[in-house]
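Asker:
Protein chains: 2
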Amino acid sequence: MVRKPTSKETARKPNMREAILAAAEELFAINGFNAVSVRDIAQAAGANPGSVTYHFKTKDGLLLEIYRRHCGPMNLRRSELLAAARRVRDLQDRLEAVVRAYVVPAFTSGSDLAGGGARFTRLRAVMSAEGNEVARKIIAQTFDDTSHAFIDAIHESLPHIPRTDIVWRSHFLLGALYYSLVTPDRVSRLSRGEADGGDAASAIEQLVQATVASFQAPPLDHAAPARRRPVVSSKT
Amino acid sequence: MVRKPTSKETARKPNMREAILAAAEELFAINGFNAVSVRDIAQAAGANPGSVTYHFKTKDGLLLEIYRRHCGPMNLRRSELLAAARRVRDLQDRLEAVVRAYVVPAFTSGSDLAGGGARFTRLRAVMSAEGNEVARKIIAQTFDDTSHAFIDAIHESLPHIPRTDIVWRSHFLLGALYYSLVTPDRVSRLSRGEADGGDAASAIEQLVQATVASFQAPPLDHAAPARRRPVVSSKT
DNA sequence: TGATCTTTTGTACGATAGTACAAATCACAT
DNA sequence: ATGTGATTTGTACTATCGTACAAAAGATCA
Chain C
-12 MVRKPTSKET ARKPNMREAI LAAAEELFAI NGFNAVSVRD IAQAAGANPG SVTYHFKTKD
48 GLLLEIYRRH CGPMNLRRSE LLAAARRVRD LQDRLEAVVR AYVVPAFTSG SDLAGGGARF
108 TRLRAVMSAE GNEVARKIIA QTFDDTSHAF IDAIHESLPH IPRTDIVWRS HFLLGALYYS
168 LVTPDRVSRL SRGEADGGDA ASAIEQLVQA TVASFQAPPL DHAAPARRRP VVSSKT
Chain F
-12 MVRKPTSKET ARKPNMREAI LAAAEELFAI NGFNAVSVRD IAQAAGANPG SVTYHFKTKD
48 GLLLEIYRRH CGPMNLRRSE LLAAARRVRD LQDRLEAVVR AYVVPAFTSG SDLAGGGARF
108 TRLRAVMSAE GNEVARKIIA QTFDDTSHAF IDAIHESLPH IPRTDIVWRS HFLLGALYYS
168 LVTPDRVSRL SRGEADGGDA ASAIEQLVQA TVASFQAPPL DHAAPARRRP VVSSKT
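These protein sequence lines map, in sequence, to chains C and F.
Residue numbers -12 to 223, in my numbering, belong to the letters of the first sequence in order.
Residue numbers -12 to 223, in my numbering, belong to the letters of the second sequence in order.
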């Protein structure tokens, strides 16, 4: 008889805890935290509502565990890719590699969770929009380090751009990334079917290319707006 | 003796209907649709919960009315600015003007609502993330025309870029725009206080500049992406 | 097998949700 | 001042929320 697990950390044969986590992740990512009830999650997971309470104590605890599951692997993968990107000699290529190291793990999973990267990133996007408190705390203390590392790496490739501008542009990158995962159908619609907003590979390439170009844009902090004239004038 | 209003369309002296709309708009934009109760809105507006039902019938009806209030003016202003931008001769300047015509009304109000532009745009961002049904319907039938007009205008300035790429990049623009309004504090935090994410003027300039550069990036549709050397450079 | 621990189930409780509706109140034309 | 229609108030109803908890069921090992 095969018997590998000790009694302490085993769950049932069909792992209910995991099923609940997966169902919650999916539902939260699509509908937001507040619109999904514990009963909805339980039903989607084929579990009893009480099981959710048993495994995660509260609804917040469930969300917290989802974050714990993904943050580690994703940031680890980002660190690896970032380290590799830093070793690229050509500054131009390095910039692209760094951006790619930031973007790719958000679309594709960082570890055992297959294809869960995009789902979790979408979850983060939605929680961010909802101003979810649990998420806010985790984000600030888990992702800011990573964000700083990327900003520094980008700054390394573009020393002549003020750090402030890089912060703004990397912020735009994250916004674009989030939005691409939240409403991919809009891309399909506006392109009249010529593009598939749900295609991760396309999204990544488009995003990386557009973002690299935006980082390379000339800085504007320099208090010298003489170059361009005020273009807008239509109001009375 | 002042007598301007006819009895038919007047509300109370302190216009309750407007107060409710304003309160709802603010609360929805910050916390999302589902997290805000009708009672929350009524309290914030200094009204009775029943008044909300009286004026707007349902909570969905209230959201619908908020959209009706803003969509017209904002799209009107965008059309004006877009028309003006189209008249700019220099292609480079025209591109920037077009982008600005898209961005500016989202941050600043389009009509009588003072400063409400950013709030409403943030509301749209949050509703989009939550997958709100009421919002989805209105968006598709109200904003897609505008979006197409902008995409076409940009395509005019950049004829060598495939329309598909322009759709993606304008999608990124909207995502960046939304995200800037949803979590401006992140910019302040990551820049270590050097930038104020809440400053609309800075956000607009940064966003316009970054976006123009992203639109100008070389197209990537071209089937064979070997080792490409991007042409964009900032040296003068 | 029986004892013990873990997990699942079922049910219930208090809080709060959206909304309906009658009564009270107000603004204003007559 | 008075009647009338537009608003506001107060309250109540039903549904659903998150969560607690005891009992049932399953697993583990002496």
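All residues carry an ideal CB built from backbone N, CA and C; glycine is no exception.
#1: Checking contacts by CB at 7 Å: is residue 62(F) closer than that to chain C?
#2: With a threshold of 7 Å between beta carbons, is residue 95(F) in contact with chain C?
#3: Does the beta carbon of residue 159(C) sit closer than 7 Å to a beta carbon anywhere in chain F?
#4: What does the Cβ neighbour count give for residue 45(C), buried or exposed, with the cut at 16 atoms within 10 Å?
#5: Can you grab the Cα-Cα spacing for the pair residue 139(F) / residue 151(F), in whole Å?
#6: Pop quiz: residue 162(C) and residue 175(C) are said to be a contact at Cβ under 8 Å. What is the actual Cβ separation, rounded to whole angstroms?
#7: List the whole-angstrom C-beta distance separating residue 197(C) from residue 201(F), where the pair is believed to meet the contact cut-off of C-beta under 8 Å.
#8: Go ahead and label residue 188(C) buried or exposed: buried means 16 or more other beta carbons lie within 10 angstroms of its beta carbon, across all protein chains shown.
#9: How far does the alpha helix (DSSP H) with residue 178(F) in it extend, from its first residue to its last?
#10: Rank 22(C), 55(C) and 18(C) by C-alpha distance to the C-alpha of residue 8(C) and give the top, closest one.
#11: If you count every other CB in all the chains shown that lies within 10 Å of the CB of residue 120(F), and 16 or more means buried, which is it?
#12: Are any of the Cβ atoms in chain C nearer than 7 Å to that of residue 134(F)?
#13: Tell me whether the beta-carbon of residue 84(C) lies closer than 7 Å to the beta-carbon of residue 90(C).
#14: Tell me which residues share the same chain as residue 137(F) and place their Cβ nearer than 6 Å to its Cβ, disregarding the 5 neighbours each side in the sequence.
#15: With 7 Å set as the bound, which would you pick, yes or no: does the beta-carbon of residue 2(F) sit closer than that to a beta-carbon of chain C?
#16: Using a C-beta to C-beta distance shorter than 8 Å, which residues of chain C count as neighbours of residue 131(F)?
#17: Below 7 Å between beta carbons: does that hold for residue 19(C) and residue 13(F)?
#18: Which residues in chain F sit within 8 Å of residue 18(C), going by Cβ to Cβ distance?
#19: Could you check the C-alpha separation between residue 128(C) and residue 58(C) for me, to the nearest Å?
#20: Please go through the same chain and pick out, in chain order, the residues whose beta-carbon is closer than 7 Å to the beta-carbon of residue 69(C), but skip the five residues on each side of it.
#21: Which residue from 62(F), 148(F) and 25(F) puts its Cα closest to that of residue 125(F)?
#22: Rounded to whole angstroms, what is the Cα-Cα separation between residue 104(C) and residue 182(F)?
#23: Just checking my contact of residue 109(C) with residue 92(C) at CB under 8 Å: how many whole Å lie between their CB atoms?
#24: Leaving out five residues on either side along the sequence, give the residues of the same chain with a beta carbon under 8 Å from the beta carbon of residue 15(F).
#25: With a threshold of 16 other CB atoms inside 10 Å of the CB of residue 173(F), please say whether the residue is buried or exposed.
#26: For the putative contact between residue 29(F) and residue 35(F), defined by C-beta atoms under 8 Å, what is the C-beta separation to the nearest angstrom?
#27: Nearest chain C C-beta to residue 196(F) closer than 7 Å, yes or no?
Answerer: Let me lay it out:
#1: Here residue 62(F) refers to the residue found at position 75 of the second sequence. Contacts with chain C at 7 Å (Cβ-Cβ) do not include residue 62(F).
#2: Counting from one through the second sequence, the residue named residue 95(F) turns up at place 108. No, residue 95(F) lies away from the interface with chain C (no Cβ there is under 7 Å from its Cβ).
#3: Counting from one through the first sequence, the residue named residue 159(C) turns up at place 172. Interface residue, yes.
#4: Counting from one through the first sequence, the residue named residue 45(C) turns up at place 58. By the 10 Å Cβ count, residue 45(C) comes out exposed.
#5: For the purposes of this step, residue 139(F) is taken as residue 152 along the second sequence, with counting starting at 1. For the purposes of this step, residue 151(F) is taken as residue 164 along the second sequence, with counting starting at 1. Spanning the two alpha carbons is a distance of roughly 11 Å.
#6: As a first step, residue 162(C) must be located in the first sequence, where it is residue number 175. As a first step, residue 175(C) must be located in the first sequence, where it is residue number 188. Not really, about 20 Å apart at Cβ, beyond 8 Å.
#7: Locating residue 197(C) in the first sequence gives position 210, counting from the first residue. Locating residue 201(F) in the second sequence gives position 214, counting from the first residue. Contact between residue 197(C) and residue 201(F) holds: CB atoms are separated by about 4 Å, below the 8 Å threshold.
#8: The residue given as residue 188(C) occupies position 201 in the first sequence. So residue 188(C) counts as exposed.
#9: In the second sequence, the residue the question calls residue 178(F) occupies position 191. No alpha helix (DSSP H) holds residue 178(F); DSSP gives it neither H nor E.
#10: The residue you call residue 8(C) lines up with position 21 of the first sequence. The shortest CA-to-CA distance from residue 8(C) to any of 22(C), 55(C) and 18(C) is the one to 55(C).
#11: If you number the second sequence from 1, residue 120(F) lands on position 133. When all chains shown are included, residue 120(F) counts as exposed.
#12: Taking the second sequence and counting its residues from 1, the one referred to as residue 134(F) is at position 147. Chain C, which has a Cβ nearer than 7 Å to the Cβ of residue 134(F), makes this yes.
#13: By 1-based counting over the first sequence, the position of residue 84(C) is 97. By 1-based counting over the first sequence, the position of residue 90(C) is 103. Against a cut-off of 7 Å, the Cβ pair of residue 90(C) and residue 84(C) comes out as no contact.
#14: Taking the first residue of the second sequence as position 1, residue 137(F) is located at position 150. Within the same chain, residue 137(F) has close Cβ partners 89.
#15: As a working mapping, residue 2(F) is identified with position 15 in the second sequence. Residue 2(F) is outside the set of residues whose beta carbon lies under 7 Å from a beta carbon in chain C.
#16: Taking the first residue of the second sequence as 1, we reach residue 131(F) at position 144. Residues of chain C passing the Cβ test: 176 and 177.
#17: Counting from one through the first sequence, the residue named residue 19(C) turns up at place 32. Counting from one through the second sequence, the residue named residue 13(F) turns up at place 26. Contact: no.
#18: Position 31 of the first sequence, counted from the start, is the residue given in the question as residue 18(C). The contact set of residue 18(C) on chain F, defined by CB atoms closer than 8 Å, consists of 117 and 118 in chain order.
#19: Start at 1 with the first residue of the first sequence, and residue 128(C) comes out as number 141. Start at 1 with the first residue of the first sequence, and residue 58(C) comes out as number 71. Their Cα atoms are separated by approximately 11 Å.
#20: As a first step, residue 69(C) is located in the first sequence; it is residue number 82 there, counting from the start. Correct list, in chain order: 85, 88, 136, 137 and 140.
#21: As a position in the second sequence, residue 125(F) is number 138, starting the count at 1. 62(F) is the residue among 62(F), 148(F) and 25(F) whose C-alpha sits nearest the C-alpha of residue 125(F).
#22: Residue 104(C) sits at position 117 when you count from the first residue of the first sequence. Residue 182(F) sits at position 195 when you count from the first residue of the second sequence. C-alpha separation (whole angstroms): 30 Å.
#23: Along the first sequence, read from residue 1 onward, the residue named residue 109(C) stands at position 122. Along the first sequence, read from residue 1 onward, the residue named residue 92(C) stands at position 105. Wrong, their Cβ atoms sit about 14 Å apart, outside the cutoff.
#24: Position 28 of the second sequence, counted from the start, is the residue given in the question as residue 15(F). Result list for residue 15(F): 23, 50, 53, 110, 113 and 114, in chain order.
#25: The sequence position of residue 173(F) within the second sequence is 186, counting from 1. Flag for residue 173(F) reads buried.
#26: Sequence index remark: in the second sequence, residue 29(F) carries index 42 (1-based). Sequence index remark: in the second sequence, residue 35(F) carries index 48 (1-based). Right, their Cβ atoms sit about 6 Å apart.
#27: Taking the second sequence and counting its residues from 1, one reaches residue 196(F) at position 209. For residue 196(F), the answer is yes, since a Cβ of chain C falls inside 7 Å of its Cβ.
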